[in-house]
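Same order as they appear, the protein sequences are chains U and C. The numbering used here runs 31 ahead of the 1-based position in the first sequence. The numbering used here runs 37 ahead of the 1-based position in the second sequence. Below is one structure, written out as structure tokens; comments come after it.
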Amino acid sequence: MKVSMDIELKDVPGQLVSALIPISELGGNIISVLHHRDRKTQRGTIPVQVVFDVEESKLAALLQRLRERGITVVRVGAERLKEAVFVLLIGHIVRSGVKELINEVDGTGVAEVVELFLSMPAVEEKSAAALKIRAIGKMELERALDIVEGFAARCGILVVRPIEDEL
Amino acid sequence: MREVKLSIVGFGVVGRGVAEVVARKRAEIGERFGLDLRIVAVVDLWGAALASDADGGGLDPRRILDALQKGGAEGLSPRESLEAHGVRVEELQSPDVIQEVEHDVTVEATPTNVDNDGEPGTSHILTALKAGRHVVTSNKGPLALHFNKLMQAAKRADRKIGFEATVGGAMPIISLRDTLAGNEILCIKGILNGTCNYILTRMGEENMPFEHALREAQEMGIAEADPRSDVLGVDTAVKLVILANALLGLDAAYKDVRVTGITEITPEALSLARDNGYVIKLIGEVDRDGKLEVAPKLVPETHPLNVGGTLNAALLKTDLAGEVMVVGRGAGGIEAASAIISDIIRIFKN
Ligand SMILES: NC(=O)c1ccc[n+]([C@@H]2O[C@H](COP(=O)([O-])OP(=O)(O)OC[C@H]3O[C@@H](n4cnc5c(N)ncnc54)[C@H](OP(=O)(O)O)[C@@H]3O)[C@@H](O)[C@H]2O)c1
């Protein structure tokens, strides 16, 4: 299960590591850590957002261990891939290694290629691919699209994106 | 009744369209607006036809058009056609006509050229302003390359430049500046090239490769023999620069536009798009932050910008009026002439 958790840390060295250790101990896989140094709370603590993958059954134990370490958990929730985008690729897609592209997007941990349709007219002719990408937020979706654009630029593939702000 | 003397510089599809509209609408425009439109000169590379005293102050547009049509059918050149049907052709060139023939409005309709500093259009417009003429033009080159220079020249000369016909043909868009006065225009997204829209529409409908749809468009007179400027997105980019400068007040230049054309689009891509509820359109987009982009984009089938055939369309975002959409015919002699005539009337109504 993908989990997003907001915690507050005291502004002393070693706090962040101390908060992350229980996640690893329970076999969790940390995807991203956002440290909001600029948003210090009135209590003098620093808000941090951690996104990680962990077995659902381990979540209660995790919260317990964090409490023991004196770490304040402000919010915890399952992170869903709520943003989606549809893009088309045109070019020699299979030859260019579309599989690596998918791995790269999925490897971010915050976005996934959830659908891929390929249309291959004939050998040597350009094929077309429809890609549906999901991500946990708009920023993460943009990051996934940057990966797609980078891949396309390297391989001479055209990316057709939606006009933004669909009515 | 106020007499308005016109010269037409460049007598091709658009120049002839203007002559046709004057022939059809002169009486009506006189009645409704109190303006008596008179064509006093027509000049093209073959020479010039000038109104003489015998013409009562204006050329007969119907006679000129008929002469060109009949002569053309007989295989004659424009010059031979006119002479064979009783229209005198003088050995005069455009700058002489613009400077020396007394008139109020120079209608500039020579070919668009962005590689050559917008010439001959740029010089025609500057010469006309200097000679105290208002200018109404369908020529995109000068506006896209020298927008501020031309506006300043017009201001110095205390004359007006009308250029509604340069973007979207008959579709009103430049005039939205005035219609939406008080609004800030935040962003524009548009389909500004009818040829590309036709090709993409046909490719989608018939599952046709790009080359077939292009050939069909050429056979129907929708695409030019040299279609590069259209299908590579250059024409859309040029129009986008005009909109950026005229409607968003940017200081944009053609080289600032990121341009991708439609030549790489395949029927397979269109069909994948359709399966997912989209069409593909060549979209020109400009916003306040200076984003200037021309590229094929996925447009939801239900989106107002999904207009088919050769239609042009534009969606404007404004701060007060919200979203405003215009759709219309982007090309054709009469369509461009519609925009030109409206510009002329506006100059004298204000
Ligand atoms: N057609 C449309 O639907 C449309 C719509 C909107 C805007 N426009 C723009 O309007 C302008 C005219 O378009 P069009 O379709 O009428 O083109 P066109 O049919 O090629 O007509 C242009 C005419 O200008 C002549 N010409 C060239 N150089 C000249 C010069 N130095 N002095 C006088 N005449 C000269 C050309 O002669 P040669 O043919 O001998 O060169 C031609 O007869 C273009 O800038 C175009 O981009 C066209």
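The beta carbon of each residue, even a glycine, is placed where N, CA and C say it ideally should be. These numbers were taken from a predicted model, which means no experiment stands behind them.
Practice item. Please check the pair glycine 95 of chain C and valine 80 of chain C, which I expect to be a contact at CB under 8 Å, by giving their CB distance rounded to whole angstroms. Key: Glycine 95 of chain C to valine 80 of chain C, Cβ: 15 Å. No contact.
Review point. Listing by chain order, which chain U residues have their CB less than 9 Å from the CB of threonine 303 of chain C?
Key: Ile121, Ser150, Pro152, Glu156, Lys157, Ser158 and Ala159
Exercise for review: State buried or exposed for alanine 262 of chain C, treating a residue as buried only when at least 16 other CB atoms are found within 10 Å of its CB.
Suggested key: exposed
Check your understanding: Taking 6 Å as the cut-off, is the CB of asparagine 153 of chain C close to at least one heavy atom of ligand 1?
Key -> no
Exercise for review: Spell out a yes or no on whether the segment 272 to 279 of chain C and the segment 289 to 298 of chain C are touching, meaning 3 or more CB-CB pairs, one atom from each, closer than 8 Å.
Suggested key: yes
Review point. Taking 6 Å as the cut-off, is the CB of valine 51 of chain C close to at least one heavy atom of ligand 1?
Key: yes
Point to revise | Cβ-based contacts, 9 Å cut-off: residues of the segment 298 to 325 of chain C near chain D | key: Of the chains in the structure shown, none is chain D; the protein chains are U and C.
Point to revise | Contact set for serine 49 of chain U: own chain, Cβ-Cβ below 8 Å, skip 5 residues either direction | key: Arg100 and Ile102
Exercise for review: Kindly list, in the order they appear in chain C, the residues whose Cβ is closer than 9 Å to that of valine 129 of chain U.
Suggested key: Per Cβ cutoff of 9 Å: no residues; valine 129 of chain U is ~14 Å from chain C at best.
Review point. Which partner residues does asparagine 60 of chain U have in the DSSP bridge list?
Key: U:Asp84
Check your understanding: Are at least three pairs of beta-carbons, each pair with one atom in the segment 335 to 352 of chain C and one in the segment 228 to 239 of chain C, less than 8 Å apart?
Key -> yes
Point to revise | Cα-Cα separation between lysine 177 of chain C and aspartate 272 of chain C, rounded to whole angstroms | key: 9 Å
**Study point:** Closer than 7 Å to chain U by CB, lysine 334 of chain C
**Key:** yes
Check your understanding: Which one of C:Ile45, C:Asp326, C:Leu329 and C:Phe385 has the shortest CA to CA distance from valine 138 of chain C?
Key -> C:Ile45
**Study point:** Partners in chain C for proline 29 of chain U, counting only beta-carbon separations shorter than 8 Å
**Key:** Any property of residue 29 of chain U remains undetermined from this structure, which presents chain U solely from 32 to 198.
Review point. Going along the segment 206 to 226 of chain C in order, which residues come within less than 7 Å of chain U, judged by CB to CB distance?
Key: Lys226
Practice item. Check whether the Cβ of proline 157 of chain C lies closer than 6 Å to any heavy atom of ligand 1, and answer yes or no. Key: yes
Practice item. Rounded to whole angstroms, what's the CA-CA distance from alanine 92 of chain U to leucine 335 of chain C? Just pull it up for me. Key: 47 Å
Point to revise | Where phenylalanine 182 of chain U meets chain C, residues with beta-carbon distance less than 9 Å | key: Those do not exist, as phenylalanine 182 of chain U stays about 16 Å from chain C at its closest Cβ, beyond 9 Å.
Practice item. Tell me whether alanine 146 of chain C sits in a helix, a strand or coil according to DSSP, three-state version. Key: coil
Review point. What do you get for threonine 216 of chain C, buried or exposed, if any count of 16 or more other CB atoms within 10 angstroms of its CB means buried?
Key: exposed
Review point. Closest to aspartate 42 of chain U by CA distance: which of U:Ile61, U:Arg126, U:Ser63 and U:Pro78 is it?
Key: U:Pro78
Review point. If you drop the 5 nearest sequence neighbours on each side, which residues of the same chain put their C-beta closer than 8 Å to that of arginine 366 of chain C?
Key: Gly206, Ala207, Met208, Gly231, Thr347, Leu348, Asn349 and Glu372
Review point. In this structure, does DSSP put isoleucine 178 of chain U in helix, strand or coil?
Key: helix
Review point. Run through DSSP, which three-state label would threonine 216 of chain C get?
Key: helix
Point to revise | Partners in chain C for leucine 40 of chain U, counting only beta-carbon separations shorter than 9 Å | key: Within chain C, no residue comes near leucine 40 of chain U; the closest Cβ sits about 36 Å away, beyond 9 Å.
Check your understanding: For proline 193 of chain U, which three-state DSSP category applies?
Key -> strand
Check your understanding: Along the chain, where does the alpha helix (DSSP H) that runs through proline 304 of chain C open and close?
Key -> 304 to 312
Review point. Which residue spans inside the segment 111 to 159 of chain C form an unbroken alpha helix (DSSP H) run of at least 4?
Key: 115 to 121 and 131 to 137
Check your understanding: Which runs of the alpha helix (DSSP H) spanning at least 4 residues fall entirely within the segment 177 to 230 of chain C, listed in chain order?
Key -> 177 to 194 and 213 to 216
**Study point:** For arginine 165 of chain U: DSSP bridge partner residues
**Key:** U:Ala115 and U:Glu143
Point to revise | Start and end residues, alpha helix (DSSP H) containing valine 50 of chain C | key: 50 to 70
Check your understanding: Residues in its own chain within less than 6 Å of valine 51 of chain C by CB, not counting five upstream and five downstream?
Key -> Ala146, Ser175, Gly370 and Ala373
Review point. How about alanine 290 of chain C and leucine 329 of chain C: do their beta carbons lie closer than 7 Å?
Key: no
Practice item. Mind checking which residues open and close the beta strand (DSSP E) that includes glutamate 40 of chain C? Key: 39 to 46
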